[in-house]
Amino acid sequence: MAEKVKQSICIKFSRKLGNTCDDIYARLKKVYGEDGVSRTRVYELFKRFQHGRENVERDDFQTIDKSQNIRDVRLALSETTESLFLSYLKSAALDMVLFSPF
1 MAEKVKQSIC IKFSRKLGNT CDDIYARLKK VYGEDGVSRT RVYELFKRFQ HGRENVERDD
61 FQTIDKSQNI RDVRLALSET TESLFLSYLK SAALDMVLFS PF
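Here the sequence shown is numbered in UniProt numbering, starting from 1 and rising by one per residue.
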């Protein structure tokens, strides 16, 4: 059984016992260390189980390519910065033309 499914079962069971999200996260961190699910993921699953989700087998764990996400964000920021800079230059040039004493 996959480690994350085991952790999902632990979250579901612990929630039914009345443990809080913080307690569950701390216990998972103690047992699984760096291989444990994130605090955010514990809260997400806790909330889903609280609202009636029963299936622990369904793989809702997303494998995120963080490096690709970082590249995408950097590209978007670069494009936005370039666009803002060009707008600034156009505005400055227009101001020079409109307010030039010549």
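Even for Gly, the Cβ is constructed at its ideal location relative to N, Cα and C.
- Taking the Cα of glycine 36 as reference, the smallest distance to any Cα among Val56, Ser78, Leu75 and Lys4 is reached at Lys4.
- Counted as a single uninterrupted DSSP element, the alpha helix (DSSP H) harbouring leucine 28 occupies residues 21-32.
- With respect to the 8 Å criterion, arginine 15 and phenylalanine 49 are classified as neighbours on the basis of their beta carbons.
- Sixteen is the threshold: since fewer than 16 other Cβ atoms of the shown chains lie within 10 Å of the Cβ of leucine 89, the residue is exposed.
- The three-state reading of DSSP puts serine 38 in coil, since its state is none of H, G, I, E or B.
- Taking lysine 6 as reference, the option from Val56, Ile24, Thr20 and Tyr43 with the minimal CA-CA separation is Val56.
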